[in-house]
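Single-structure report; data block below.
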Amino acid sequence: MENDTICHFIYTGEASRVTLPCDANALKYEGSKSCHIKHSNFGYLTLTFEPDAGIEYKPATSETDWVTFCYLCFRKDKLKDALAFYGIALSGN
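Residues in the sequence shown are numbered from 108 upward in steps of one, following this note's numbering.
Structure representation (structure tokens):
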């Protein structure tokens, strides 16, 4: 997270494509596609939100394989723990 508005999502795994359907893109699978580093299992996505926003998000590795319901609230003191619970690492501040 940077400046309370920019959030970096990091994915490590065998998926060749990961998207982040969220309420900011109407929960569409094609909504926010992560960048995948060739010859690695690393992907990342950076999104900008309103200050103090909370979002509903569902990481997906295919149109039918979505992670169960998640809710993210941009409180710095809670964000890292919430993401870690779902196996998502946080970069930045």
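We put the beta carbon where it would ideally sit given N, CA and C, even for glycine.
Checklist entry - Are residue 151 and residue 141 close, meaning C-beta to C-beta below 8 Å? => result Locating residue 151 in the sequence shown gives position 44, counting from the first residue. Locating residue 141 in the sequence shown gives position 34, counting from the first residue. Yes.
Checklist entry - If you run the structure through DSSP and keep just helix, strand and coil, what is residue 126? => result Position 19 of the sequence shown, counted from the first residue, corresponds to residue 126. Strand, per DSSP.
Checklist entry - Does the beta-carbon of residue 133 have 16 or more other beta-carbons within 10 angstroms, so that it is buried, or is it exposed? => result Position 26 of the sequence shown, counted from the start, is the residue given in the question as residue 133. That one is exposed.
Item to check | Whole-angstrom distance between residue 115 and residue 136, CA atom to CA atom | outcome: Here residue 136 corresponds to residue number 29 of the sequence shown, with the count starting at 1. Here residue 115 corresponds to residue number 8 of the sequence shown, with the count starting at 1. Answer to the nearest angstrom: the Cα atoms are 18 Å apart.
Checklist entry - Is it right to say residue 166 is buried, meaning 16 or more other beta carbons lie within 10 angstroms of its own, or is it exposed? => result Numbered from 1 along the sequence shown, position 59 holds the residue referred to as residue 166. The residue is buried, with at least 16 neighbouring Cβ atoms inside 10 Å.
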